[in-house]
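Student:
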Amino acid sequence: MTAMEKPVYVDEKLQEVKQSGRLEYRSRALPTWCPGCGYFSIVEGVTAALNGMAIPQQEAVVLSGIGCASRFPFFVSTYGFHTLHGRVLPVATGVKVANDKLTVVAIGGDGDGFAIGGGHLPHAAKRNVDMTYLLFDNGIYGLTKGQTSPTSAYGFRTSTTPYENPDQPLNPVLMVLSYGASWVGQAYAGHPDHLRQMIAAAIQHRGFSYLHILSPCVTFDKTSKTYVNLGMQVRDLPEEHDVTNLMSAMHHASRTSRPLLGLFYRDLRPTLGDNLDGLVAKAGGDK
Ligand SMILES: Cc1ncc(C[n+]2csc(CCOP(=O)(O)OP(=O)(O)O)c2C)c(N)n1
Ligand code: SF4
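If you read the sequence shown in our numbering, its first letter stands for residue 12, the second for the next number, and so on.
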């Protein structure tokens, strides 16, 4: 496979691999997340998507920041590692620039990606680095035992906001659309089939794909983004939504009381790798 071609997800391929008992991409390490954590369905989704796309294991790299979400690389048998808190995107960009053939998946939580790491996302998006960023949004800092995060709901009580969160939450999907990401989608850990399809579609996209995944923290959030509440709130993007229409995507993203699931926006344009190749050619060098 060359850097220009992207692997295609085929459901039959996944079923075939499952029946043969050769399911790859599962590491021997069992996830250490709390029972019921939404992240379990994300690891299933990523494993299934990579198997269904038949990406050679040695060509996949999964990187993360720090947090419960960021434990992820331990649970898949690809290359990969924890970077620093909030710093997954610059490291993932470096990996992709060093070897354009790799399928690069970056992972982090809402604290990792939108608090300490919030400055990196606009640059990865506008550069159109050919990689996938899976953002696990539980609206809380799970690993450090339940503090308010940038996506915590207004009025949410946590150890750092015992009298209610006085801040409005960020709107990550709207932000990433405005940053110029070339693929933006939203999924929910409680809808595993749709989640798997969205993960596969994000990885298949040639360019910077951002998948926002709503996922309950069952240990530190008993009242806000629970399975019951999210299950009642989420709904699909309207069928008539045109995924090439940025204004329509932003309009739908701004309606946050009922989070919409599906593909908001897709744009095919040169990636960072394409642009760097162009520069090398102009300078008269070899790739
Ligand atoms: C530089 C630095 N600052 C703070 C921390 C402490 N810390 C570790 S994880 C984390 C937040 C995790 O929240 P999130 O990214 O939402 O992931 P979750 O644990 O909810 O999956 C913080 C503040 C750290 N590890 N490094
Ligand atoms: S603390 Fe929350 S986010 Fe972390 S593993 Fe447990 S349920 Fe999941």
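Ideal Cβ placement from N, Cα and C applies to all residues, glycine included.
Leaving out five residues before and five after V19 in sequence, what residues of the same chain have Cβ atoms less than 7 Å from its Cβ?
Tutor: Result list for V19: M64 and Q215, in chain order.
Student: Count the other C-beta atoms from every protein chain shown that fall within 10 angstroms of the C-beta of N286, then say buried if there are 16 or more, exposed otherwise.
Tutor: Exposed is the call here.
Student: Kindly list the residues whose CB is nearer than 8 Å to the CB of V54, restricted to its own chain and excluding five residues on each side of it in sequence; keep chain order.
Tutor: Result list for V54: P42, F83, F86 and V87, in chain order.
Student: Is it a yes or a no for the stretch 143 to 155 touching the stretch 109 to 124, going by three-plus beta-carbon pairs under 8 Å?
Tutor: The stretch 143 to 155 is in contact with the stretch 109 to 124.
Student: Examine chain C for any beta-carbon lying closer than 8 Å to the beta-carbon of R168, and answer yes or no.
Tutor: Structure shown: chain C not included; a single protein chain is present.
Student: Under a three-way DSSP split, which group does Y174 fall into?
Tutor: Coil, per DSSP.
Student: Going by DSSP, what residue range makes up the beta strand (DSSP E) through V73?
Tutor: Residues A71 to S75.
Student: Measure the alpha-carbon distance for P67 versus H263 and round it to whole angstroms.
Tutor: Computed Cα separation, rounded: 36 Å.
Student: Threshold first: 4 residues or longer. Then list the alpha helix (DSSP H) segments lying entirely within the stretch 235 to 294, N to C.
Tutor: Those alpha helix (DSSP H) runs which fall completely within the stretch 235 to 294 and span 4+ residues are 238 to 244, 257 to 264 and 283 to 293.
Student: Going along the chain, which residues put their C-beta within less than 5 Å of some heavy atom in ligand 2?
Tutor: Cβ atoms closer than 5 Å to ligand 2 belong to W44, C45, C48, C79, G153, C228, V229 and T230.
Student: Is it the case that the CB of T169 approaches a heavy atom of ligand 1 more closely than 7 Å?
Tutor: Result no, Cβ not under 7 Å from ligand 1.
Student: Is it a yes or a no for the stretch 179 to 194 touching the stretch 254 to 273, going by three-plus beta-carbon pairs under 8 Å?
Tutor: Taking 8 Å as the limit for Cβ pairs, the verdict is that the stretch 254 to 273 does touch the stretch 179 to 194.
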